[in-house]
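Working notes, beginning with the structure itself.
Chains as they are written, first to last, in this note's numbering: chain V, 742 to 1178; chain A, 2 to 243.
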């Protein structure tokens, strides 16, 4: 018995010691016993993306390259490398990929296109490579369609999704009020291309607002002498007047669903906010009742709150109230003139962009964080900037600038792009393209 | 205790001391081994995800009127504060002389003359440079270091110079929490080889930037004995505390 116990104990101990020795070896192999050097606070720069010229049909390839470069530069996430710096061996590579050669030009990613005509119209083939991750494409897609530009936008949206997890919104459009000799309402692609003049009012048009579907634009026009509210189809045609009450009928903001609007009406003696039907302008509910001027409403993405401007306490400031109206809470206490609040369309990003005037009498864009109450400045020393409107993915802001036209900025990287150089104000960014979800 | 022969009960261990001791030692050794083995295989502590809100350092300068909206400030270059000389707390004290006394002044005391001479000699000495190492780091916090410390500093400087994270793909908020650990082999000449990610940050672009930093650096000084087997590199997005 003793011998049995002794042998068993010996065997048990030997097994345990052997496991411990194996574990120690593993630990040594995994480097747990090696010295460690900590490196912190890296340099920051945009991801370097190479866009070699597209191949295929010469005319299509040239346009495809141009659209792709503009889109990927505009989104503000990448530093697009100058293709003039690419050696010939890379220019002639076609859709293939040599990681070593591309790393030598400093590229971290490479996007390639091939555009040709086929029986059904145009075929666009795209491949995205990431240097340092092998020779296989991280993304490879083929698109078919009648026009090339929308296909390239789809490709760029896919590339953005590949990198960030959130799809891009190229293909969406921005409505704005033209200034100068032809003050009509127009829309333009978010890349600044394909400008369409929508209205033919031949009078000043202001404050256009694209509907949630993108099919309608509500706007103000002085065609009949007063500040009346009109609605027109985005594709153009005859505009329909839905509110011509005495005084103001301004600042339309669409509610989710696209059947109702929040507007400022002053027919009862003071400028207040009302919910009205977009079909016939019928008042559904009065939302505010204050001695000041209440205007410039912006509903939250969840539809439960409304941000607006009021001077009820002396100067125009941003307020927040429930969507059913009632108690309003003042948000801004800095600055003497804050206006045009716009809720970020993402429910997980509770921030409001607005226009504020600083002590130098210059208007600039700011964002207010509802979680912390903190205000961050977006533009400075870049002329006078106003009327921010969010992209549907919450990544970009478009605004009008005294530098002329419309600018788009990526809020994360602060990269700015001048998308439209003609006279413009009151931009309103429409819904995402159909392939967003 | 003893009983009659034939029914004798032998107490445990009696007459078999070696076996008992050996069994006891073996059992204890196996318990120690099991505890060690279980410890190194224990799961990592559970990480509780937090909603990060990025804060900013307030710039040094004249307080801005709280009424006005904020301005974007570029942080100025670091500058040593001007030395201040406090003469007296007495509000009724005689006003300070407009000019400092000179060594040649006839009406100053012997002590004052001696003090002025000493001050003159100190002023003529060159400003004492910051102490450290000629190959040290601007982030360094020690004026002296072991061979290992100096080597680690050289490696830190070389790799950090080449470490770039993409702003659009790694946000400022994410950067505060990301950590990647890599294991590096190194040749006798200092060529870094076989970079391997031991612990991923969970963000592929952050991990990639660490790998690219090592590859772009390529070579560091030849390693001292403690580093000859290689070393671990811990890349942390933000240094939150020193």
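Just so you know, even glycine gets a beta-carbon here, dropped at the ideal spot from N, CA and C.
Annotation: the segment 948-1004 of chain V contains the following complete segments of the beta strand (DSSP E) (minimum length 3 residues), in chain order: 957-962, 969-974, 981-984, 990-995. Residue state for residue 895 of chain V is assigned as helix, using DSSP reduced to three classes. Its Cα nearest to that of residue 1057 of chain V, the residue V:1033 stands out among V:1033, V:930, V:803. Between residue 203 of chain A and the set A:157, A:182, A:163, A:108, the nearest pair of CA atoms involves A:182. Listed along chain A, no residue sits closer than 8 Å to residue 880 of chain V by beta-carbon distance, the nearest being about 14 Å off. Only exposed fits residue 1026 of chain V, as fewer than 16 other CB atoms lie within 10 angstroms of its CB.
For the alpha helix (DSSP H) assignment, the uninterrupted runs of no fewer than 4 residues enclosed by the segment 832-858 of chain V are, from N- to C-terminal side, 840-845. Taken through DSSP and simplified to helix, strand or coil, residue 205 of chain A comes out as helix. In summary, residue 104 of chain A is exposed, with fewer than 16 beta-carbon neighbours lying within 10 Å of its beta-carbon over all protein chains present. When secondary structure is reduced to three states using DSSP, residue 211 of chain A falls in the helix class.
The C-alpha of residue 878 of chain V is placed about 26 Å away from the C-alpha of residue 219 of chain A. A distance below 8 Å separates the beta carbons of residue 1013 of chain V and residue 1035 of chain V. For residue 1168 of chain V, the three-state secondary structure derived from DSSP is strand. Against chain A, the beta carbon of residue 1116 of chain V has neighbours under 9 Å at 70, 71, listed in chain order. The closest CA to that of residue 1084 of chain V, considering only V:1120, V:1145, V:1043, V:834, is found on V:1043. Residues of chain A whose Cβ lies closer than 8 Å to the Cβ of residue 1100 of chain V are, in chain order, 66, 69. Check the Cα spacing between residue 230 of chain A and each of A:72, A:185, A:165, A:123: the tightest is with A:185.
Among the residues of chain A, none has a CB under 7 Å from the CB of residue 1158 of chain V; the nearest is roughly 14 Å distant. Runs of beta strand (DSSP E) with 3 or more residues, each lying fully within the segment 1001-1084 of chain V, are found at 1001-1006, 1013-1018, 1024-1027, 1035-1040, 1046-1051, 1058-1063, 1079-1084, listed in chain order. Collapsing the DSSP output to three states places residue 808 of chain V in a helix. By a beta-carbon distance limit of 8 Å, residue 916 of chain V contacts residue 949 of chain V. Their separation comes to about 4 Å.
Between residue 74 of chain A and residue 66 of chain A, the alpha-carbon positions lie close to 15 Å from each other.
Take the alpha-carbon of residue 1103 of chain V and the one of residue 1055 of chain V: they are about 20 Å apart. When the Cα atoms are used, residue 1096 of chain V and residue 845 of chain V turn out to be separated by approximately 44 Å. In the three-state reduction of the DSSP assignment, residue 1103 of chain V falls in the coil class, being assigned neither a helical nor a strand state. Exclusion of the five residues before and after residue 217 of chain A leaves 163 as the residues of its chain whose Cβ lies within less than 6 Å of its Cβ.
Taking a C-beta distance under 8 Å as the contact criterion, residue 836 of chain V and residue 852 of chain V do not qualify as a contact pair. Closest in alpha carbon position to residue 18 of chain A, among V:747, V:758, V:759, is V:747. Secondary structure of residue 778 of chain V (DSSP, three-state): strand. Residue nearest to residue 30 of chain A within the set V:783, V:751, V:779 is V:751 (criterion: CA-CA distance).
Beta-bridge partners assigned by DSSP to residue 182 of chain A: A:200, A:235. Using a CB distance below 7 Å, the part of the segment 776-803 of chain V facing chain A consists of 776, 777, 778, 779, 780, 781, 782, 783, 784, 785, 786, 787, 788, ordered along the chain.
Per DSSP, the beta-bridge partners of residue 1126 of chain V are V:1142. Take the alpha-carbon of residue 957 of chain V and the one of residue 930 of chain V: they are about 16 Å apart.
Contacts between residue 209 of chain A and chain V, judged by CB atoms closer than 8 Å, involve 849, 871, 873, 874 in chain order.
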